[in-house]
Each structure stands twice: as C-alpha cells, then as structure tokens.
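Note that the protein sequences, when read in sequence, are chains F and D.
Read in this note's numbering, the first sequence has 172 at position 166, and its numbers run on one by one without any break.
Read in this note's numbering, the second sequence has 189 at position 183, and its numbers run on one by one without any break.
Glycine is no exception: its CB is placed at the ideal position from the N, C-alpha and C atoms.
To start, the structure under review is shown below, and the notes come after it.
2 protein chains.
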Amino acid sequence: MVDVIEILKRYSEDVNKEIDEALNTLEPETLRDASTHLVKAGGKKLRPALEVLACQAVGGETEKALKAAASLELIHTFSLIHDDIMDNDDTRRGMPAVHKVWGEPMAILAGDTLFAKAYETIIKTADDNIPYERVIDALRVEVDACIKICEGQALDMEFEDTFEVSEEDYLNMIYKKTGALISAATSAGAIIGGASTYQIEALTNYGKSLGIAFQIQDDYIDLTGDESIGKPVGSDLVEGKKTIMVIHALQKANPEDHDRLIELLTAHDESIIPEAMEILNKYGAINYARALAYDNVIHAKESLTLLPDSEAKNTLMKLADFVFNRKS
Amino acid sequence: MVDVIEILKRYSEDVNKEIDEALNTLEPETLRDASTHLVKAGGKKLRPALEVLACQAVGGETEKALKAAASLELIHTFSLIHDDIMDNDDTRRGMPAVHKVWGEPMAILAGDTLFAKAYETIIKTADDNIPYERVIDALRVEVDACIKICEGQALDMEFEDTFEVSEEDYLNMIYKKTGALISAATSAGAIIGGASTYQIEALTNYGKSLGIAFQIQDDYIDLTGDESIGKPVGSDLVEGKKTIMVIHALQKANPEDHDRLIELLTAHDESIIPEAMEILNKYGAINYARALAYDNVIHAKESLTLLPDSEAKNTLMKLADFVFNRKS
Chain F
7 MVDVIEILKR YSEDVNKEID EALNTLEPET LRDASTHLVK AGGKKLRPAL
57 EVLACQAVGG ETEKALKAAA SLELIHTFSL IHDDIMDNDD TRRGMPAVHK
107 VWGEPMAILA GDTLFAKAYE TIIKTADDNI PYERVIDALR VEVDACIKIC
157 EGQALDMEFE DTFEVSEEDY LNMIYKKTGA LISAATSAGA IIGGASTYQI
207 EALTNYGKSL GIAFQIQDDY IDLTGDESIG KPVGSDLVEG KKTIMVIHAL
257 QKANPEDHDR LIELLTAHDE SIIPEAMEIL NKYGAINYAR ALAYDNVIHA
307 KESLTLLPDS EAKNTLMKLA DFVFNRKS
Chain D
7 MVDVIEILKR YSEDVNKEID EALNTLEPET LRDASTHLVK AGGKKLRPAL
57 EVLACQAVGG ETEKALKAAA SLELIHTFSL IHDDIMDNDD TRRGMPAVHK
107 VWGEPMAILA GDTLFAKAYE TIIKTADDNI PYERVIDALR VEVDACIKIC
157 EGQALDMEFE DTFEVSEEDY LNMIYKKTGA LISAATSAGA IIGGASTYQI
207 EALTNYGKSL GIAFQIQDDY IDLTGDESIG KPVGSDLVEG KKTIMVIHAL
257 QKANPEDHDR LIELLTAHDE SIIPEAMEIL NKYGAINYAR ALAYDNVIHA
307 KESLTLLPDS EAKNTLMKLA DFVFNRKS
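Quick look at the structure:
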C-alpha cells in the first residue's frame, strides 16, 4: 500500500507547480486565498496521477501530460468546494471548508475560478507541441466529465428525498458524480500521449470501472472505516444516504425490515447506526457492496490487457487494487 | 433604437436553438429546468449578436459563428445565476431568480452546468469546419473572460466594504466584470470569421470599450432610468455601491460633503436617495459619468476604422450608440 501512496505523490510536486502558476496571478487576494485553500490542503492527487500514468502507458511523455493533470485536479477541487456548500459540510481534507472561512459567495466564486482555470490550464497543453486536434479531444473529454459531475450531484440530491432508487439509478449516479472524472483522467492522458483509438477506449473503460469501484469503496469505508478521515463511522446512515448497501438491503429485506430500515434512515440520528447496520448485515448488503467493487476492479484491470507491458501499466494495475483495499 | 433591438433579436432564434440542443439532454429534470429557466426568460442577447456581427465584419459565415454565440450567452447566463445568489437578488429578467425557485444548491449546480455546456458548445465549432487552431484561440479568449468575470465579481464584493476605491480600480473592476465577456464576444467572432491579427485586435478593442460604456450606462440608468427594468431608481445608492458617480463625487467633494455622502451610502435606506443625488449633482458626477461613457463609445467606434465597410460594421457602429442611449 505504501508504494502506491508514494506513486500518487510522485507527480504531486510538478502538478502543484502547474496549479500554483495558474492561480498566483489572481486578484483580489481574497479570491486567490479562497481558490488556493483546498489545493494547499493536499488530497490524494489520484486523478493527476492516473492521467500521467495513462499517458506513459501509451508511450507519451510525462512532461506533456502535466498541464492536463493539473487541470483535472482543478476540476476536482472546484467540485469539492461547490459540493461542500450544497451539502453544508463544514470540513474538507482536515481543514474548514472554503465557505466556512470565506463565506458562501466567495466560495461559489472560488469554485467558478478554479473551473475556468482548469480549462485555461489544459488549453496551454497546445504550447507543449501537442497537436491542436488532440488538445480539443482531451478538452472534450474533460468538459463532458464536468457536465456529468453536475448531473451526478443533482441526482444525488434528488435521491435524498426518495427511497425508490434502483441499483441501476445508483450506478448511473456514481458513474456521473465520481466515475466520469476518473475516466476522463485516464482518457485524457491516453489522448495526450498519442494513443490509438482502441488504447483510448481501453484506458477510458479502466477509468470508468475504477471510478465506480472508488465510490463504492467510499461508501463502504463510511460504514466500516476508521474516523481518521474526518467523518464519523456511519454518517451516511445518519444522513439517510442511498448507498449501494442501503439499496441492496431495501431490495432484499422482508416488508418488516424494509419499513424499519426506512424509519431508521429518516430519523437522522446517530442512535440508529447499530440497528441499521444489523439490517444491512442480515441481508448481506456489505458483502454485496464488496463484491460489486471487486467486480469493477477486475474489469478495470482486464481493460488494460491489450496495452503493451510497461511500468505505468503495472502501476495502474496496482492502483486498482489500492482503490479496493484503501481504508481512507 | 427600434432597429437595433430588431438586430439583437435577428440571431436570437438560431442561438436559442443551439442552447436548447445543448441543454435538452440534461438529467434529472430538475437540473434541466433550473438550467433553462433564465435562458427562457429572454434577455437582450447582446453578446451573441456582437459575436455574429464581428464574424460577419471580417467576412466570416454567420452559420459558423452560432455555436460560439450560444456559448457566450451560456457563460453570461451562468454568471447571472451565480451573481444573483451572491448578491441575494430575488428577481432577474422580470422573473424570480433561479435560487428563489429551486434553492441555492440547485442554482449553484445550474450555473456550473451552463458553464460546462458553454465549453461543450464552443468546442462543437470544430465540427463546422473551423480549423482546430482557431477553435482553441476562440476558446482561450472565452476562458480568459470567465476568469476575469470571477475576478471582477470578487473586486465588486470587496468594494462593498470600502470607500477607498479609485477611478482606476473601478474601471479595472467593470472591465473584468462586464467588459471582458463583451470583448470576448467580438474577439471570438473575429477569430472564428478568420480575421487577421489587426482585425482581431480592432474588434477586441471595440468590445472592451463598448463593455465599459455598457456598465457605466447601467450605473447611470440605475440613477435616472425608469423602473420598468425591475430595479427601483437609486437602488445602487441604497446598496452603497461604488459607481463611477459615487467615486467621482467622493474625489471632488469638500470634506463636509465627502463625509456626508459616506454617511448616506452606509445608511442602506431609501430615504437617502434625494440628498445623495443632490451631492452627486453638485459635483457634476452624473455629467462626468456620461462623458466617460461617451468617450468609450467614441473609442469603440474608432477601433472599427480599419475594418472594410460592410453592413455588419455599420451595425456595430449603431450598437455603440445604442449602448450609450439605451434606457433599460
């Protein structure tokens, strides 16, 4: 596990340099500070690493992938800032959320700024001797992911008010909310690296499956993980979130347990956690989620089969296992 | 005046078609409704018209300019939705603001969606046989304007808490907040139309001066105009806004009037309007603003001198006068 974290960190410095360069000219200072706050707070930098590795896996140069990598991190950070306002979350990456420090108006603006800066940054890839057509293709992939992120967040918000969420609805929502940008990362990396059509498809599929596994694992960690990530265990249950575990249990449960689970999930109180967990376990919901995440990890790895062997390909394989095994 | 309004409407239908096409696939329905709300409410469609006219003025085809035109309107609408949340404005274009109908979270998301859709739409210009390099150049201009819009809004918010705003500060703020996107419209139109470097520069300068005149006129209308635009006359004074009139009066006033004007502008009460107007008039602030707007209109028109004569050029000339003479 340690070496994967090292890999994720390997490109962090270069990517941060690109991001700093993009943001340090912003005025006024307040906007600059609000925009850089979360970037400085760290984060795993999973998307930039995936983008660079995908570029390497098709024989592309790392240097030329860095601007798109920074761009993906800027998009991710923009979406976190706006999500935290919408979900009224107080902390992020162990620090107060942007809107908690600068207020909602400045946080909205900081998100918008990072969004625009993301595009400015990927467009600069054209200065790295990447053909214009390829830059446009990479951009198209990123823009498409941004639209999906918005749709995914809207679906997630809509699911808050209903228990009529099917597994298909859930998978569509997490693909859009989380999978699309992770998939855009490997896809853009492949495009910038000069990949063939089938290589782009392979790496896009890898990213899509990885992204879905990533989100299922996120939901799993919330139920079982430690509290070091800053969220109390079971907080999704208290919030009544429609995770894959909840959807599966509601689908399998007898009428009595079904109605009781809904009762518990609408109480919005910490005291419901043990009983809700019991119902989830009774219907094998946690094992089901693990299996579904694992299927996606296998699918992600299989997608890479046709790529030539390389260190980057190996690392992408390891990253898939990391996503399944991570505890935070 | 009537024929200019007709000109603005001339391309509205085509532009709306592009926008509808961009938005009608959005899911869920709530996000689609919130995203299309303001678009359906109308608006002058000044930016799309400017983009198409700039394209025509350099000999480009109208058809090929429509996607970028739609893209500019999407950016404008995104910024209005987010501004209304930040400024806590209840109405826009005679309708309730998006956040008043769907709540702040969905309004943030609707803005983000339009922002992403704007880029998706301009990228599609590549499908209209426009060389990739030119699409990237047009995109660069739009992205740069988006960053400036965010900076301009942040500066505007910052000015709320201080009376130490110079005319230079003000002009920088309104250029970023309003001028940059209007200038991006004429610049992108020229680029897509296949303009030479000096033609692009001429049309960019035209847009910049026009945009500044437009914003000064907006401030002027607030003080003198009718209430048919949905804002009470003098509302900027009640809000204590640092318009060019206020900045000029504070700069010229004797210490007594200076301090009294600040007192009035910090009262946030409608009763201050007559006395504040009196001080503005005493120091010729309103005439000063008119003269400054007029200078910018003249400069905008002069920028077009080097362009070949055409109907589009004539219309751009008329539009400059329209901006100076409009009452709403």
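Pull up the DSSP beta-bridge partners for residue i, would you.
i, result
"Met112(D)", "DSSP lists no partner for Met112(D)."
"Met101(D)", "Arg98(D)"
Once DSSP output is grouped into helix, strand and coil, what is the label at residue i?
i, result
"Arg266(F)", "helix"
"Thr2(D)", "In this structure chain D extends from 7 to 334, so residue 2(D) is not present and cannot be described."
"Asn287(D)", "helix"
"Leu59(D)", "helix"
"Arg332(F)", "coil"
"Pro261(D)", "helix"
"Arg136(D)", "Inspection of the sequence shows that residue 136(D) is occupied by Ile rather than by Arg. If DSSP states are grouped into helix, strand and coil, Ile136(D) belongs with coil."
"Asp9(D)", "helix"
"Pro280(D)", "helix"
"Lys50(D)", "coil"
"Glu207(D)", "helix"
"Lys248(F)", "coil"
"Asp118(D)", "helix"
"Tyr125(F)", "helix"
"Ala166(F)", "Here the sequence assigns Glu to residue 166(F), which means Ala is not the residue at that position. DSSP places Glu166(F) in coil when its eight states are reduced to three."
"Ala160(F)", "helix"
"Gly65(F)", "coil"
"Ala318(D)", "helix"
"Glu174(F)", "helix"
"Gly240(D)", "coil"
"Ala194(D)", "helix"
"Ala201(D)", "coil"
"Asp275(D)", "coil"
"Thr230(F)", "helix"
"Leu310(D)", "coil"
"Asp4(D)", "Outside the displayed range of chain D (7 to 334) lies residue 4(D), so it cannot be described from this structure."
"Leu216(D)", "helix"
"Leu32(D)", "coil"
Just to confirm my understanding: we take residue i, look at its own chain, exclude 5 residues before and 5 after, and list those with CB closer than 7 angstroms. What are they?
i, result
"Ile13(D)", "Ala55 and Thr321"
"Lys315(F)", "Per the sequence presented here, residue 315(F) reads as Asp, with Lys not at that position. Nothing listed; no residue qualifies."
"Leu310(D)", "Ala208, Tyr212, Lys319, Leu322 and Met323"
"Gln205(F)", "Val64, Ala196 and Leu313"
"Val79(D)", "The question names Val, but residue 79(D) is Glu in the sequence shown. So the qualifying residues of the chain are Val21, Ile25, Lys51, Arg53 and Pro54."
"Val107(D)", "His43"
"Asp225(D)", "Asp242, Thr249, Ile250, Met251 and Ala295"
Could you check how far apart the C-beta atoms of residue i and residue j are, in whole angstroms? I think they sit under 8 angstroms.
i, j, result
"Leu209(F)", "Thr192(F)", "4 angstroms"
"Ala76(F)", "Glu24(F)", "4 angstroms"
"Asp242(F)", "Asp228(F)", "5 angstroms"
"Lys182(F)", "Gly158(F)", "3 angstroms"
"Tyr17(D)", "Val58(D)", "5 angstroms"
"Ser189(D)", "Gly217(D)", "6 angstroms"
"Gln221(F)", "Thr168(F)", "That pair is no contact at about 19 angstroms."
"Ala186(D)", "Ala74(D)", "Their Cβ separation, rounded to whole angstroms, is 15 angstroms, which puts Ala186(D) and Ala74(D) out of contact at 8 angstroms."
"Ala340(F)", "Val303(F)", "The structure shown has nothing for residue 340(F), since chain F only spans 7 to 334."
In chain order, what residues of the same chain lie with their CB nearer than 6 angstroms to the CB of residue i, ignoring the 5 residues before and after it?
i, result
"Leu29(F)", "Ser41 and Thr42"
"His254(F)", "Ala291 and Tyr294"
"Ile91(D)", "His105, Glu110 and Ala113"
"Gly200(D)", "Gly66"
"Arg38(D)", "Leu32"
Looking at residue i and the ligand NAD, is the gap between the Cβ and the nearest heavy atom below 7 angstroms?
i, result
"Arg38(F)", "Among the components modelled here there is no ligand, and therefore nothing to report on the ligand NAD."
Enumerate in chain order the residues of its own chain whose CB-to-CB distance from residue i is below 8 angstroms, with the five nearest sequence positions on each side excluded.
i, result
"Tyr289(D)", "His254, Ala255, Lys258, Ala259 and Asp263"
"Gly240(D)", "Asp228, Leu229, Glu276, Ile279, Ala282 and Met283"
"Leu161(F)", "Asp175, Asn178, Met179, Lys182 and Lys183"
"Lys15(D)", "Lys51"
- [ ] Indicate whether the contact test is met: 3 or more Cβ pairs, each with one atom in the segment 169 to 186 of chain F and one in the segment 40 to 60 of chain F, closer than 8 angstroms.
- [x] Taking a cut-off of 8 angstroms on C-beta distances, the segment 169 to 186 of chain F does not touch the segment 40 to 60 of chain F, as fewer than three cross pairs fall below it.
Open item on the list: Under 8 angstroms, with one C-beta from each stretch per pair, do the segment 149 to 160 of chain D and the segment 98 to 109 of chain D reach the 3-pair mark?
Closed with: The segment 149 to 160 of chain D, when compared against the segment 98 to 109 of chain D, does not touch it at the 8 angstroms Cβ threshold.
- [ ] Report yes or no: do three or more beta-carbon pairs, one from the segment 106 to 119 of chain D and one from the segment 137 to 153 of chain D, lie closer than 8 angstroms?
- [x] Taking 8 angstroms as the limit for Cβ pairs, the verdict is that the segment 137 to 153 of chain D does not touch the segment 106 to 119 of chain D.
Open item on the list: Between the segment 271 to 289 of chain D and the segment 298 to 306 of chain D, can you find at least three pairs of beta-carbon atoms closer than 8 angstroms?
Closed with: With a cut-off of 8 angstroms, the segment 271 to 289 of chain D and the segment 298 to 306 of chain D do not count as touching, because too few Cβ pairs lie within range.
Open item on the list: So, does the segment 120 to 131 of chain D touch the segment 79 to 91 of chain D, judging by three or more C-beta pairs under 8 angstroms?
Closed with: Enough Cβ pairs lie closer than 8 angstroms, so yes.
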